[in-house]
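S.K.:
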Amino acid sequence: MNAYILKILRGFWSLLVGMKVTLKYFFKKPVTVQYPYEKREIAPVWRGILNQLCDAKGVELCDGCQICGRICPVQCISMEVYKDPADNKRKTSSYIVDFGRCMFCGLCVEACPKKCLVHTTDYVLVSYERAGMVLGKDKLVKR
Amino acid sequence: MTENTLKDKDGFETMYLNMGPQHPSTHGVLRLGLVLDGEVIIKAEPDIGYLHRGMEKLAESRTYQANIAMSDRFDYVTSMNNNFVTALAVEKLLGVEIPKRAQYLRILMAELNRVVNHILFFGFFAMDLGATTALIFGFREREEALELFESVCGARLTYNYFRVGGVSRDLPAGFIEKAGNFVKMMRSRLKDYDDLVTGNVIFQDRSVGIGRISKEDVLAYSLSGPVMRASGIKYDIRKDDTYSVYREFDFEVPVRENGDCFDRYMMRMLELREALKIIEQVLIKLEPGEILAKVPKIIKPPAGEAYVRTESPKGELALYLVSDGTANPYRLHLRAPSFINLQILQKILTGVKVADVIAILGSIDITLGEVDR
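Laid out in structure tokens, this is it:
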């Protein structure tokens, strides 16, 4: 009988100790971020949606070497390459990244020899259909 | 799935209870078929495979570097440790020397991930036993650690941080300070954890003496990690079959004797403290230097095989890699600790009450992503 009462008392005490912890945080500012209204800061190195850089004159740096497409583990990068007769250089006529497949591993960015493929801190990829996740040059090239 | 023809000891009909695969407490998609006599389980049949993605086969059509990216998805709670074992196996085949700083960074990340796994375990285990506040506490601390990961490698869950021959990025400015603060914060929060959960009488009543695993069973089922050490076997691969530069660090291997749910819980809490100790030591020892060894752009290890074992937060995580000299591995096999630790479930669930199933399953700490692969 004594042990029984003792256990109830011990249980009551452990409850109070636990309540003390929760009470401590009750008076502190909540840590929750109310997402659509406030957004947390994202690290500058964030591996988000890809972008292609251009030089100061607005000319694309990409020369269509295809390394990013070949190193991609999920084959989500595809491009069409042609040789520009004006300056005899290789250029891309289309550059398509399927972000529905992309796993944002960052291997393409590391492999790019021209350093013109970069990650942005953009992470919102919402679309009503799958085709909306496939971004072409108009969305990817940053002029 | 068997037909329910089992009779209980008095010859009466038993009940077949389906638990999962969408039960919130089965930590993913595990289905338990329970044959019940009243409230007591007379037979338990874990059914796995709902999350099977065929990763070992997929690995054969991917390059070695892409396999590290895929290894994030083996056990998605401890991605860094999966990266670690994959990178180690490829390096063993290649025979490259890893720069000192990269070694330290790897251990720093692996131990931080161990902390993340154990606080997540703390939250989920307490939640399984009915303490919702603890889950929120666990997630709150995990968030801080994930921000550290994010500032280093740019992702919060699938880090892809390790490279063959080193790591992908160096630490950003102010990381050491931030990580030091995290360790300090974690130490003070651990006190809260103990007050809130460990000392709680209800929690102890529901976990002490439940789901006892004997030393013999541990050896027979080749369990590993905290589950093994909770049953009184002092064995840690970081100490006893050391890899990377773990021998430079001073840490204890905690061990408990009873092998019940409470001891398995306590093991994680003690290991968490040891992991924090290692993180502190790494932060002091870090010196500037190279982070990536010189490896060829296209990795083609010589034909041969490598077996590497590491201590992941869940247990012994080992990788068997066979190379045939091409850019893709010939075979990749993962010894997944969650999968092997789960096998004991069928035995220890026999004879316990339904309410204890969740406690026992939670205390083994599995990730279904690793069980099914």
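Those protein sequences? They're chains A and B, same order as listed. With our numbering, letter number 37 in the first sequence gets 37, and the count goes up by one each step, no holes. With our numbering, letter number 229 in the second sequence gets 372, and the count goes up by one each step, no holes. By construction, the Cβ of each residue, glycine as well, lies at the ideal position given by its N, Cα and C atoms.
(1) Using a Cβ-Cβ distance cut-off of 8 Å, determine whether Gly402 (chain B) contacts chain A.
(2) As a quick exercise: from B:Gly323, B:Ala269, B:Ser374, pick the residue whose alpha carbon is nearest that of Arg349 (chain B).
(3) Using a Cβ-Cβ cutoff of less than 8 Å, which residues in the same chain neighbour Thr206 (chain B) once the five nearest sequence positions on both sides are dropped?
(4) Could you check whether Gly354 (chain B) and Ser168 (chain B) sit closer than 8 Å to each other, using their CB atoms as the reference points?
(5) If we define contact as Cβ-Cβ less than 8 Å, is Ile345 (chain B) a contact residue for chain A?
(6) Kindly identify the DSSP beta-bridge partner or partners of Ile184 (chain B).
(7) Classify Asn484 (chain B) as buried or exposed, calling it buried when 16 or more other Cβ atoms lie within 10 Å of its own Cβ.
(8) Could you give the distance in angstroms between the alpha-carbon of Phe394 (chain B) and the alpha-carbon of Gly11 (chain A)?
(9) Taking any Cβ of chain B, which residues in the segment 84 to 105 of chain A have a Cβ under 8 Å from it, in chain order?
(10) For Asn303 (chain B), report the span of its alpha helix (DSSP H) as first-last.
(11) Where does Gln75 (chain A) sit, in a helix, a strand or coil, going by DSSP?
(12) Taking any Cβ of chain A, which residues in the segment 293 to 324 of chain B have a Cβ under 8 Å from it, in chain order?
(13) Give me the residue from B:Leu175, B:Asp384, B:Val361 with the minimum Cα distance to Ile376 (chain B).
(14) Classify Met158 (chain B): buried if its beta carbon has 16 or more other beta carbons within 10 angstroms, exposed otherwise.
(15) For Lys20 (chain A), return the contacting residues in chain B, with the cut-off set at a CB-CB distance below 8 Å.
(16) Taking the C-alpha atoms as reference points, what is the distance between Asp338 (chain B) and Thr22 (chain A)?
(17) May I ask you to report which of helix, strand or coil DSSP gives Met223 (chain B)?
(18) Is the Cβ-Cβ distance between Ser481 (chain B) and Thr510 (chain B) less than 8 Å?
(19) According to DSSP, simplified to helix, strand and coil, what is His476 (chain B)?
(20) When DSSP builds the beta bridges, which residues end up paired with Met162 (chain B)?
(21) What residue ranges within the segment 78 to 139 of chain A form continuous beta strand (DSSP E) runs of no fewer than 3 residues, ordered along the chain?
(22) Our contact map puts Tyr247 (chain B) next to Val451 (chain B) with C-beta atoms below 8 Å; I'd like the distance itself, whole angstroms only.
(23) Please report the distance separating the alpha-carbon of Pro444 (chain B) from that of Gln347 (chain B).
(24) Can you give me the start and stop residues for the alpha helix (DSSP H) that Glu286 (chain B) sits inside?
(25) Since Ile279 (chain B) and Thr493 (chain B) should fall inside the 8 Å C-beta cutoff, what is the C-beta to C-beta distance between them, to a whole number of angstroms?
(26) Which residue wins for smallest C-alpha separation from Val396 (chain B), given the options B:Leu435, B:Asp379, B:Ile241?
(27) Starting from Leu107 (chain A), find everything on chain B with Cβ-Cβ shorter than 8 Å and list it in chain order.
(28) According to the Cβ coordinates, are Leu464 (chain B) and Leu475 (chain B) closer than 8 Å?
(29) Are the beta-carbon atoms of Arg332 (chain B) and Glu284 (chain B) separated by less than 8 Å?
(30) Do we get a CB-CB distance below 8 Å when we pair Pro73 (chain A) with the residues of chain B?
(31) CB Ala187 (chain B) to CB Gln486 (chain B), shorter than 8 Å?
(32) Tell me, to the nearest whole angstrom, how far the beta carbon of Leu194 (chain B) is from that of Val172 (chain B); I am working on the premise that it is less than 8 Å.
(33) Under 8 Å between the Cβ atoms of Phe267 (chain B) and His166 (chain B)?
(34) Does DSSP put Pro444 (chain B) in a helix, in a strand, or in coil?
M.R.: Inspection of the coordinates gives the following:
(1) no
(2) B:Ala269
(3) Ile441, Ile442, Ala470, Asn471
(4) no
(5) yes
(6) B:Leu179
(7) buried
(8) 34 Å
(9) Met103, Phe104, Cys105
(10) Looking at the DSSP string, Asn303 (chain B) is not in any alpha helix (DSSP H), and its letter there is neither H nor E.
(11) coil
(12) Glu293, Ser294, Val295, Cys296, Gly297, Ala298, Thr301, Asn303, Ser311, Arg312, Pro315
(13) B:Val361
(14) exposed
(15) Asp338
(16) 10 Å
(17) helix
(18) yes
(19) strand
(20) B:Leu175
(21) 89 to 98, 117 to 119
(22) Wrong, their Cβ atoms sit about 19 Å apart, outside the cutoff.
(23) 52 Å
(24) 275 to 296
(25) At roughly 34 Å, the Cβ-Cβ gap does not stay under 8 Å, so Ile279 (chain B) and Thr493 (chain B) are not in contact.
(26) B:Asp379
(27) Gln208, Ala209, Ala212, Asn303
(28) yes
(29) yes
(30) yes
(31) no
(32) 5 Å
(33) no
(34) coil
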